[in-house]
Amino acid sequence: MDHTRRDFIKNALSFSLATASGSLLIARAGVGAQTKQIGTDLASYDAVGLAELIKKRQVSPLELVEVVLNRIGRVNSKINAVLTNNFDVGKARKRAGTGTGEGLLAGVPVMLKNLTRYRDARIDSGSRLYANYIAKHGILTQQTSLLVDAMEKAGMIISGITNSPELGLLETTEPVLHGPTRNPWNTDYTAGGSSGGTAAAVAAGIVPLAHGNDGGGSIRIPACQCGVFGLKPTRGRELGSDGGRRAGGNDALRISSDLCLSRSVRDTAAFLSLVEDKNHPQLTPVGFISGPSKRRLKIALVLEAFNGKNPHPEVEKAIRASAKLCDRLGHKVEATKLEIKGDVFIDAFVGFWATGTWGLEAQVEQLLGKGTKREDVLEPWTIGLIDLAKRRGREASIQRAINVFGEVAASVEKTFQTYDVILSPVMRVPPYKIGWHTPTVDFDTLLARLVDEVGYTPLHNAAGTPAMSVPLYWTGEGLPIGSQFAAWRGGEATLLQLAYELEAAQPWAKKRPPVFAS
Numbered sequence: 274m275d276h277t278r279r280d281f282i283k284n285a286l287s288f289s290l291a292t293a294s295g296s297l298l299i300a301r302a303g304v305g306a307q308t309k310q311i312g313t314d315l316a317s318y319d320a321v322g323l324a325e326l327i328k329k330r331q332v333s334p335l336e337l338v339e340v341v342l343n344r345i346g347r348v349n350s351k352i353n354a355v356l357t358n359n360f361d362v363g364k365a366r367k368r369a370g371t372g373t374g375e376g377l378l379a380g381v382p383v384m385l386k387n388l389t390r391y392r393d394a395r396i397d398s399g400s401r402l403y404a405n406y407i408a409k410h411g412i413l414t415q416q417t418s419l420l421v422d423a424m425e426k427a428g429m430i431i432s433g434i435t436n437s438p439e440l441g442l443l444e445t446t447e448p449v450l451h452g453p454t455r456n457p458w459n460t461d462y463t464a465g466g467s468s469g470g471t472a473a474a475v476a477a478g479i480v481p482l483a484h485g486n487d488g489g490g491s492i493r494i495p496a497c498q499c500g501v502f503g504l505k506p507t508r509g510r511e512l513g514s515d516g517g518r519r520a521g522g523n524d525a526l527r528i529s530s531d532l533c534l535s536r537s538v539r540d541t542a543a544f545l546s547l548v549e550d551k552n553h554p555q556l557t558p559v560g561f562i563s564g565p566s567k568r569r570l571k572i573a574l575v576l577e578a579f580n581g582k583n584p585h586p587e588v589e590k591a592i593r594a595s596a597k598l599c600d601r602l603g604h605k606v607e608a609t610k611l612e613i614k615g616d617v618f619i620d621a622f623v624g625f626w627a628t629g630t631w632g633l634e635a636q637v638e639q640l641l642g643k644g645t646k647r648e649d650v651l652e653p654w655t656i657g658l659i660d661l662a663k664r665r666g667r668e669a670s671i672q673r674a675i676n677v678f679g680e681v682a683a684s685v686e687k688t689f690q691t692y693d694v695i696l697s698p699v700m701r702v703p704p705y706k707i708g709w710h711t712p713t714v715d716f717d718t719l720l721a722r723l724v725d726e727v728g729y730t731p732l733h734n735a736a737g738t739p740a741m742s743v744p745l746y747w748t749g750e751g752l753p754i755g756s757q758f759a760a761w762r763g764g765e766a767t768l769l770q771l772a773y774e775l776e777a778a779q780p781w782a783k784k785r786p787p788v789f790a791s
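Start counting the sequence shown at 274; every next residue gets the next number (the working numbering).
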């Protein structure tokens with residue numbers, strides 16, 4: 274190992290965890306007197322920066338995998354972001370040692386949310402139902418999703434699985450199976466969901482970038498609450514965009530999208546360029562957006578949630594501050610309201626959301642044997658959705674969603690005929706403590722809380738429009754509040770260019786939470 278590499282490892286690792294006879298061994302690499310300083314720790318670099326170090330042979334993918342594994346050992350017990358029993362790290366080490374190419378993110382360790390298809394991990398979707406099956410029979414699938422396959426072909430090193438709520442059905446990550454993921458900014462608070470493990474891992478500096486998916490805000494909400502960047506792409510943008518196809522592939526019902534959460538805008542831009550479907554019949558490829566645009570935008574400021582309520586004063590303060598920042602940058606910001614029948618949309622969205630549990634009850638005995646009770650392997654929130662879907666009827670809920678989502682999309686499109694971007698809150702309330710939205714809360718109580726507080730993000734899932742959470746504000750108590758920016762379908766370039774500009778004007782990457790792996 275040359276001196277340059279040794280120095281990076283000393284500074285990037287800062288410590289090395291090894292277990293021997295139950296003890297923790299601290300190992301430090303030697304340093305040459307005239308070695309060039311590369312960085313003080315892994316978190317000094319974003320994923321693109323790490324890939325550049327690899328290309329320059331200043332560090333190897335295997336060394337970076339070891340850095341990540343050590344960081345898991347250092348902070349994961351405090352935040353429970355990574356499911357250490359769901360992935361064999363030997364596979365990451367093996368992959369890192371076989372050559373990864375020279376792409377934008379080649380050789381960089383990343384993680385997958387516990388809600389995807391990956392042949393080399395115990396993906397249990399946060400459910401005791403699937404975990405119990407896996408314990409008896411092995412992994413659920415030998416398949417890997419097209420998106421994850423694209424990640425590996427691009428040279429990314431899957432190095433762990435991040436926590437998620439059961440089946441991704443809540444916007445907090447507190448599964449009974451794996452326990453709650455805690456917010457690195459304050460461990461009494463939730464990291465959001467359903468990509469909460471991913472958000473916490475990125476915010477805490479375990480990895481610079483990790484996979485997430487979003488069917489109602491599940492990338493944007495945890496990004497908002499953990500102070501990282503999160504983009505939900507246009508419907509169908511990414512490879513293998515099969516999440517949310519609950520009704521035979523009807524396009525209006527494809528509410529879920531996969532992408533990532535990251536600390537830098539360019540990491541998400543790079544990731545998108547590597548996993549987008551370049552042969553989509555209606556969408557022009559985005560490619561790698563590498564910086565801001567000189568184009569000035571007309572931005573609609575929307576404060577009122579679709580449930581008719583105004584945001585919490587702290588949230589309103591955050592969003593107005595973002596509006597002022599956009600104004601200072603030369604963009605034109607105007608306050609407006611969206612013409613949405615909120616009560617109708619909420620009812621249709623909740624009904625359709627419940628259909629995602631259809632057939633789950635039958636799986637209990639199919640997978641675990643006759644006599645297995647649903648209460649023993651499914652959470653109360655999931656069971657409540659199953660019962661709601663039964664009462665309403667699957668076909669009726671699907672047809673209602675098709676009609677209402679179409680109306681919502683038309684209304685949103687009308688707004689984008691006047692404006693380039695919509696700025697709004699991500700959540701109506703600031704981050705909240707663990708337990709407030711936990712899946713064991715009475716179903717009707719929890720549903721009422723969700724309807725009250727999740728008043729912005731599902732709109733863009735129903736409309737199929739891209740939207741991002743940008744970390745531009747922290748409360749006096751040190752908790753982040755993201756701002757949501759959305760564009761019309763195909764507008765990822767506009768959003769990323771704006772995000773680069775906001776990132777340069779008000780940098781967030783150097784903000785470190787109290788729980789940080791450095």
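From the three backbone atoms N, C-alpha and C, an ideal C-beta is built for every residue, glycine too.
Exercise for the section: Apply the 10 Å Cβ neighbour rule to A306 and answer buried if 16 or more other Cβ atoms are within range, or exposed otherwise. Expected result: Only weak support is given to the placement of A306: the predicted model assigns it a pLDDT of 27, under 50, and the value that follows is read from those uncertain coordinates. Counting Cβ neighbours within 10 Å, A306 comes out exposed, since fewer than 16 surround it.
Problem - Contact check, S491 vs S467, beta carbons under 8 Å - result: The answer is yes: Cβ separation under 8 Å.
Problem - K784 versus T471, Y403 and G500, residue with shortest Cα-Cα distance - result: The shortest Cα separation from K784 among T471, Y403 and G500 belongs to G500.
Exercise for the section: Go ahead and pull the three-state DSSP assignment for Q331. Expected result: Residue state, collapsed to three classes: coil.
Practice task
Kindly identify the DSSP beta-bridge partner or partners of H710.
Solution key: As far as DSSP is concerned, H710 takes part in no beta bridge.
Exercise for the section: Could you tell me which of Q555, K551, I707 and R330 sits nearest to A423, measuring between CA atoms? Expected result: Nearest to A423 by C-alpha distance, out of Q555, K551, I707 and R330, is K551.
Exercise for the section: Could you tell me whether the Cβ atoms of Y394 and L385 are closer together than 8 Å? Expected result: Looking at the sequence provided, one finds Ala at residue 394 rather than Tyr. Taking the C-beta atoms as reference points, L385 is found nearer than 8 Å to A394.
Handout entry: the region 668 to 687 contacting the region 619 to 628, beta-carbon criterion three pairs below 8 Å
Key = These segments touch.
Practice task
Pick out whichever of Q415, N456, A464 and K367 has its Cα sitting closest to the Cα of I430.
Solution key: Out of Q415, N456, A464 and K367, K367 has the C-alpha closest to the C-alpha of I430.
Practice task
On a CA-only basis, which of N436, N405 and E549 is nearest A766? Give me that one, please.
Solution key: For A766, the closest of N436, N405 and E549 by C-alpha to C-alpha distance is E549.
Practice task
State the Cα-Cα distance for the pair G521 and T389, rounded to the nearest angstrom.
Solution key: Summary for G521: the model assigns pLDDT 46, below 50, so the residue's position carries little reliability; its value from the coordinates is reported in the next sentence. Straight-line Cα distance between these residues: approximately 19 Å.
Exercise for the section: May I have the straight-line CA-CA distance separating P495 from L745, to the nearest angstrom? Expected result: Here the C-alpha atom of P495 lies approximately 14 Å from the C-alpha atom of L745.
Practice task
Grab the span of the beta strand (DSSP E) containing T460 for me, first residue to last.
Solution key: For T460, the enclosing beta strand (DSSP E) stretches over residues N459 to T463.
Problem - Nearest neighbour of G764, chosen from W747, A740 and Q757 [CA to CA] - result: For G764, the closest of W747, A740 and Q757 by C-alpha to C-alpha distance is A740.
Practice task
Confirm, please, whether the CB-CB distance from S437 to N387 is below 8 Å.
Solution key: In this structure, S437 lies closer than 8 Å to N387 by Cβ.
Exercise for the section: Would you kindly check if the distance between the Cβ of A669 and the Cβ of F224 is under 8 Å? Expected result: In the structure displayed, the chain extends from 274 to 791; residue 224 sits before or after that span and is not available.
Exercise for the section: Write down every uninterrupted run of the beta strand (DSSP E) in the region 538 to 617 whose length is 3 residues or greater and which is fully enclosed by it, in chain order. Expected result: For the region 538 to 617, the full-length beta strand (DSSP E) segments reaching 3 residues or more read 571 to 574 and 605 to 608 along the chain.
Handout entry: Proximity winner among E726, L419, L633 and G642, relative to K663 (alpha-carbon distances)
Key = If we check each option's Cα against that of K663, L633 comes out closest.
Handout entry: Element boundaries [beta strand (DSSP E), containing A759]
Key = Taken as a continuous stretch (DSSP letters only), the beta strand (DSSP E) holding A759 covers P753 to A759.
Practice task
Give the C-beta separation of Q770 and R493 to the nearest angstrom, bearing in mind that I take them to be a contact with Cβ-Cβ under 8 Å.
Solution key: About 18 Å separates the Cβ atoms of Q770 and R493, ruling out a contact at the 8 Å cut-off.
Exercise for the section: Indicate whether at least one CB of chain B lies closer than 8 Å to the CB of L413. Expected result: No chain B is part of this structure, which consists of one protein chain only.
Problem - Cβ-heavy atom distance, P481 to the ligand ADP, below 7 Å - result: This structure simply doesn't include the ligand ADP, nor any ligand for that matter.
Handout entry: In DSSP terms, what C533 is bridged to
Key = Beta-bridge pairing links C533 to H484.
Practice task
Mind the definition here: the region 531 to 548 touches the region 502 to 512 only if three or more C-beta pairs lie below 8 Å; say whether that holds.
Solution key: Contact holds: three or more Cβ-Cβ distances are below 8 Å.
Practice task
Tell me whether I695 sits in a helix, a strand or coil according to DSSP, three-state version.
Solution key: DSSP places I695 in strand when its eight states are reduced to three.
Practice task
Assign A524 to one of two classes, buried (16 or more other C-beta atoms within 10 Å of its C-beta) or exposed (fewer than that).
Solution key: This sequence places Asp at residue 524; Ala is not what is there. Taking a 10 Å sphere around the C-beta of D524, we find fewer than 16 other C-beta atoms and assign the residue as exposed.
Practice task
Can you have a look at N410 and say buried or exposed, based on whether 16 or more other CB atoms are within 10 angstroms of its CB?
Solution key: One point to set straight first is that residue 410 is His, not Asn, in the sequence displayed. With fewer than 16 Cβ atoms within 10 Å of its Cβ, H410 is classed as exposed.
Practice task
Note the first and the last residue of the continuous alpha helix (DSSP H) segment covering Y403.
Solution key: DSSP places Y403 in the uninterrupted alpha helix (DSSP H) bounded by R401 to H410.
Problem - From A573, E444, Y318 and P565, residue whose alpha carbon lies closest to that of C497 - result: When the alpha-carbon of C497 is set against those of A573, E444, Y318 and P565, the nearest one is in E444.
Problem - Where I434 falls: helix, strand or coil (DSSP) - result: DSSP places I434 in strand when its eight states are reduced to three.
Handout entry: Terminal residues of the alpha helix (DSSP H) in which P495 lies
Key = In the DSSP assignment, P495 falls within the unbroken alpha helix (DSSP H) covering R493 to C499.
Exercise for the section: Tell me whether W747 sits in a helix, a strand or coil according to DSSP, three-state version. Expected result: Residue state, collapsed to three classes: strand.
Practice task
Using three-state DSSP, classify A394 as helix, strand or coil.
Solution key: It is a strand residue.
Problem - Backbone secondary structure at S350 - three-state DSSP - result: DSSP places S350 in helix when its eight states are reduced to three.
Handout entry: Pair within 8 Å by beta-carbon distance, L377 and V321
Key = Closer than 8 Å, so yes.
Problem - DSSP-derived helix/strand/coil call for R647 - result: R647: helix per DSSP, three-state reduction.
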